[in-house]
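A quick write-up on the structure given underneath.
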Amino acid sequence: MKRSLMKQKRISFWLVLPLMAMTSVTFSQKLASQEITSRDKASLVRDTELKAKPFSDAATLKMLAEALSVDVLSRKSSWLEIQAEALTGWVKMFSVRYDLQSLQTSDSFAGTKQVFNLVTTGSSGSTVTTASRGLDENKFSEPSPNPYAFKTMQSFAVSGTDAQSFAREENLNEQQRDYVTASVEGSAKDLAVSAETISDNLVGGKS
Numbered sequence: 024m025k026r027s028l029m030k031q032k033r034i035s036f037w038l039v040l041p042l043m044a045m046t047s048v049t050f051s052q053k054l055a056s057q058e059i060t061s062r063d064k065a066s067l068v069r070d071t072e073l074k075a076k077p078f079s080d081a082a083t084l085k086m087l088a089e090a091l092s093v094d095v096l097s098r099k100s101s102w103l104e105i106q107a108e109a110l111t112g113w114v115k116m117f118s119v120r121y122d123l124q125s126l127q128t129s130d131s132f133a134g135t136k137q138v139f140n141l142v143t144t145g146s147s148g149s150t151v152t153t154a155s156r157g158l159d160e161n162k163f164s165e166p167s168p169n170p171y172a173f174k175t176m177q178s179f180a181v182s183g184t185d186a187q188s189f190a191r192e193e194n195l196n197e198q199q200r201d202y203v204t205a206s207v208e209g210s211a212k213d214l215a216v217s218a219e220t221i222s223d224n225l226v227g228g229k230s
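Okay, so the sequence shown: first residue is 24 according to the working numbering, each after it adds one.
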């Protein structure tokens with residue numbers, strides 16, 4: 024039974040891929056034809072400098088406190104333009120956490136939620152079921168473009184350059200770790216020792 028359910032989930036995942044590819048093209052066309060003016064609600068995950076321009080050496084307008092609610096207006100590279108306390112400026116995108124609850128309650132985000140629910144639960148709804156309902160032909164013949172959901176998805180993308188820049192600013196050190204391998208006959212004790220070794224290595228350096 025368990026193997027059958029895993030197989031069904033695997034099939035559902037491969038069925039979702041062409042749907043995502045097809046709807047992404049539609050989303051892009053929709054974005055090109057209209058401007059999205061909605062503001063994303065978010066909050067700060069740390070004390071953050073509000074910059075006048077999207078540069079590290081730009082003038083600091085104000086030091087914003089952690090957990091402050093802000094409105095995200097736009098994005099440029101790894102910077103987000105926000106409005107906070109009657110001020111408008113730029114902060115690093117890694118300092119911002121989007122208000123997921125407001126996204127979940129928005130009808131415009133429903134299409135994206137259904138795709139991920141379908142992959143993880145085998146159902147497009149919020150209820151976990153034991154059988155996969157898969158996709159019907161209407162989902163392919165009548166896709167519903169959702170420019171806002173597509174814009175939100177794009178906002179989470181980070182380039183390699185931005186990631187390296189963030190790592191340098193946060194003094195993160197690059198570390199190479201070998202994969203943990205264990206045979207089927209390996210004892211639980213050997214696995215526990217391997218896990219403890221990895222844990223010690225992670226504690227020994229900031230990652």
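No residue lacks a Cβ here, since even glycine has one placed at the ideal position from N, Cα and C.
Check: Where the alpha helix (DSSP H) containing Thr184 begins and where it ends; Outcome: Gly183 to Glu192
Check: Thr83, enclosing beta strand (DSSP E) - first and last residue; Outcome: Thr83 to Leu87
Check: C-beta atoms of Ala107 and Leu91 nearer than 8 Å; Outcome: yes
Check: Presumed contact (8 Å Cβ cut-off) between Leu84 and Ala75, rounded CB distance; Outcome: 6 Å
Check: Nearest-angstrom beta carbon gap, Arg69 and Glu89 [assumed within contact, 8 Å]; Outcome: 5 Å
Check: According to DSSP, residues forming a beta bridge with Asp94; Outcome: Lys64 and Gln106
Check: Cβ neighbours of Lys99 in the same chain (closer than 8 Å, five flanking residues each side left out); Outcome: Pro77 and Trp113
Check: Buried/exposed call for Asp63, threshold 16 Cβ in 10 Å; Outcome: buried
Check: Sub-8 Å separation of Asp122 and Ile105 beta-carbons; Outcome: no
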